[in-house]
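Colleague: One structure, pasted below without further comment.
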Amino acid sequence: MEDAVSAGIESHLFKPLSLGPLTVSGRVFKTATSETRSSEDGFVTDELLEFYRPIAEAGTPLIITGNLFVSKEGKSTYRMCGADNRDKVEGLSRLADLVHSHGGAVLGQINHCGRQVLARAMGLSSAVSASDVREKIMGTKPRPLSTDEVKGVIADYVNAAQVCREAGFDGVQIHVGHGYLLNQFLTPYTNRRTDEYGGSFVRRMRILLEIYWGIRERTGEDFCVILKINGADYLPGRKGLSGADLVEVAHILQEEGVHGVEVTVGHYESGFPMIRGTFNGFFEDLLAEGIGPQLSWWRRTGVSLFRHPLAGFFNALFSPREGFNLEYARRFKQRLSIPVICVGGFQTREAMESAVARGWVDAVSCGRAMIADPYLFRHLKQGVTGPRCDWCNRCIARAGRLPVDCYNPEVKAEQEAMLEREAAAG
5 MEDAVSAGIE
15 SHLFKPLSLG
25 PLTVSGRVFK
35 TATSETRSSE
45 DGFVTDELLE
55 FYRPIAEAGT
65 PLIITGNLFV
75 SKEGKSTYRM
85 CGADNRDKVE
95 GLSRLADLVH
105 SHGGAVLGQI
115 NHCGRQVLAR
125 AMGLSSAVSA
135 SDVREKIMGT
145 KPRPLSTDEV
155 KGVIADYVNA
165 AQVCREAGFD
175 GVQIHVGHGY
185 LLNQFLTPYT
195 NRRTDEYGGS
205 FVRRMRILLE
215 IYWGIRERTG
225 EDFCVILKIN
235 GADYLPGRKG
245 LSGADLVEVA
255 HILQEEGVHG
265 VEVTVGHYES
275 GFPMIRGTFN
285 GFFEDLLAEG
295 IGPQLSWWRR
305 TGVSLFRHPL
315 AGFFNALFSP
325 REGFNLEYAR
335 RFKQRLSIPV
345 ICVGGFQTRE
355 AMESAVARGW
365 VDAVSCGRAM
375 IADPYLFRHL
385 KQGVTGPRCD
395 WCNRCIARAG
405 RLPVDCYNPE
415 VKAEQEAMLE
425 REAAAG
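Plus 4 on top of the position in the sequence shown (first one is 1) and you've got my numbering.
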């Protein structure tokens, strides 16, 4: 064990990394995951803290929360945590204190879902977006935000960052990917506006720039601000942003002072490039225990009828692969001087070490791997193999309705035995 620990200390994965004013102790981070563990009105609960406790205890250098809604209109799922009001400060402080007590840092991912929501299920009269382009997966037809409403959204993001600051967070991550509202403004396919927030590339970027400037003015220079951004919109046949466009977005924000970028891929309409894995039983689980009951009857019927060919199609198109966003992240790394973080299926030390040691990225982030093994960072450092995600995507099928957890019975049993051993060891 001492040899493994010594080897770990010398590893690229356990060297410090600076994200502007924030220095973290290693280069394997927890990425944002849909949590579904807050109260129904968005307050931190003991259940949410229990999810993060072992990840923090493992010494994970940086934890990025699941997306925090910046306004009730921007809330995308049931029991989603919020940063929309100062009444959330006390609960968020409990999360910050938990992470800090184990030596880690925490960023709040602030987000607005835009059109990617089942509006009636969230108690909304309508969804909003840059333009009134229907979202094909959920079937949501949004209304376009007025110019004044856009300015209100900007204020909501700035306020959410201030809430995180008051709660003791080390910074925020502005979610600019996965087809959420800011991605909808950036992408020509979803932004067909003719005012100052649409049209040219620069005008489509304006909302993001004004949010960043507002956050920087409100929170100061010693507050870390990073982006989560697509490496590709992955919208074949539609006017999505190319990798070069998205690298340029990141470069402009770098010049404005942003401290780092986490690279991902895709919109909801893209299918499953952002998760990959296996989809056998996925659609049955989604209908029974996921958001299926919230879908329109004809969408439920279609999914039920075609679940087997859909699973086969997605198994072939989005098969499992560690580091599946590296090809995108490397383009950011070639252009940027700020740290580049890559999310995308990382599970093993070999794959993580290779990505960082080769200089392709500065750090990696993990979602499902840490859901399966919340002590992953400690295990990487010790050379121990813990419970390992097998890409079944049962957690994804239940996202937004059931609490984030491992739903593979065999992996879950191994995880529970590990947690019992950790508890017994004190």
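For each residue, glycine too, the CB sits at the ideal point set by N, CA and C. Being a predicted model, the structure only gives us computed values, none of them experimental.
Per DSSP, Ile109 is paired with what?
Modeller: Reading the sequence shown from its first residue, position 105 is the one you call residue 109. A small fix is needed here, since residue 109 is Ala in this sequence, not Ile. Leu66, per the DSSP bridge assignment.
Colleague: Quick check: Val162 and Arg147, are their CB atoms within less than 8 Å of each other?
Modeller: For the purposes of this step, residue 162 is taken as residue 158 along the sequence shown, with counting starting at 1. For the purposes of this step, residue 147 is taken as residue 143 along the sequence shown, with counting starting at 1. No, Cβ-Cβ distance for Val162 and Arg147 is not below 8 Å.
Colleague: For Asp7, count neighbouring C-beta atoms within 10 Å of its own C-beta (all shown protein chains included) and say buried if the count is 16 or more, exposed if not.
Modeller: The residue given as residue 7 occupies position 3 in the sequence shown. The predicted position of Asp7 is uncertain, since its pLDDT is 40 and thus under 50; a value taken from the coordinates is nonetheless stated next. It is exposed - the Cβ of Asp7 has fewer than 16 other Cβ atoms within 10 Å.
Colleague: Please report how far the alpha carbon of Arg362 lies from the alpha carbon of Ala355, in whole angstroms.
Modeller: Residue numbering aside, residue 362 sits at position 358 when the sequence shown is read from its first letter. Residue numbering aside, residue 355 sits at position 351 when the sequence shown is read from its first letter. Distance between the alpha carbons of Arg362 and Ala355: 11 Å.
Colleague: Taking C-alpha atoms, which residue in Gly203, Glu414 and Cys399 lies nearest to Glu39?
Modeller: Locating residue 39 in the sequence shown gives position 35, where the first residue counts as 1. Out of Gly203, Glu414 and Cys399, Cys399 has the C-alpha closest to the C-alpha of Glu39.
Colleague: Measure the C-alpha to C-alpha separation of His179 and Ile295 and round it to an integer number of angstroms.
Modeller: Residue mapping note: residue 179 aligns to position 175 of the sequence shown, counting from 1. Residue mapping note: residue 295 aligns to position 291 of the sequence shown, counting from 1. Roughly 22 Å separates the two Cα atoms.
Colleague: What three-state label does DSSP hand Arg138 in the structure shown?
Modeller: As a working note, residue 138 is residue 134 in the sequence shown. Of the three classes helix, strand and coil, the one that applies to Arg138 here is coil, per DSSP.
Colleague: Considering only the alpha carbon of each residue, which of Val360, Gly404, Asp409 and Val365 lies closest to Gly371?
Modeller: Sequence index remark: in the sequence shown, residue 371 carries index 367 (1-based). Minimum Cα distance to Gly371 is reached at Asp409.
Colleague: Runs of 3 residues minimum, wholly inside the segment 209-248: which ones carry the beta strand (DSSP E) assignment?
Modeller: Here the runs fully enclosed are 228-234.
Colleague: Provide the residue span of the alpha helix (DSSP H) that contains Gly156, from first to last.
Modeller: Numbered from 1 along the sequence shown, position 152 holds the residue referred to as residue 156. It spans Thr151 to Glu170 - the alpha helix (DSSP H) in which Gly156 sits, taken as one unbroken run.
Colleague: Using DSSP's beta-bridge definition, name the partner residues of Phe276.
Modeller: Taking the first residue of the sequence shown as position 1, residue 276 is located at position 272. In the DSSP output, where bridge partners are listed per residue, Phe276 has none listed.
Colleague: Of all the options Ile68, Asp50, Gly107 and Ile114, which has the alpha carbon lying nearest to the alpha carbon of Asn89?
Modeller: For the purposes of this step, residue 89 is taken as residue 85 along the sequence shown, with counting starting at 1. Comparing Cα positions, the closest option is Ile114.
Colleague: Determine the closest residue to Gly430 out of Pro58, Val48, Lys34 and Glu51, with distance taken between C-alpha atoms.
Modeller: Position 426 of the sequence shown, counted from the first residue, corresponds to residue 430. Per the Cα distances, Pro58.
Colleague: In this structure, how does DSSP classify Arg196 when only helix, strand and coil are distinguished?
Modeller: The residue labelled residue 196 in the question sits at position 192 within the sequence shown. If DSSP states are grouped into helix, strand and coil, Arg196 belongs with coil.
Colleague: Can you give me the start and stop residues for the alpha helix (DSSP H) that Ala367 sits inside?
Modeller: What you label residue 367 is simply residue 363 of the sequence shown in a count that begins at 1. Counting along the chain, Ala367 falls outside any alpha helix (DSSP H), though it belongs to the beta strand (DSSP E) covering Ala367 to Cys370.
Colleague: Leaving out five residues before and five after Tyr184 in sequence, what residues of the same chain have Cβ atoms less than 7 Å from its Cβ?
Modeller: For the purposes of this step, residue 184 is taken as the residue at position 180 of the sequence shown. Closer than 7 Å at the Cβ level, and outside the excluded window around Tyr184, lie Asn115, His116, Cys117, Gly118 and Gln120.
Colleague: Once DSSP output is grouped into helix, strand and coil, what is the label at Gln177?
Modeller: Translated into the one-based positions of the sequence shown, residue 177 becomes position 173. Three-state result, Gln177: strand.
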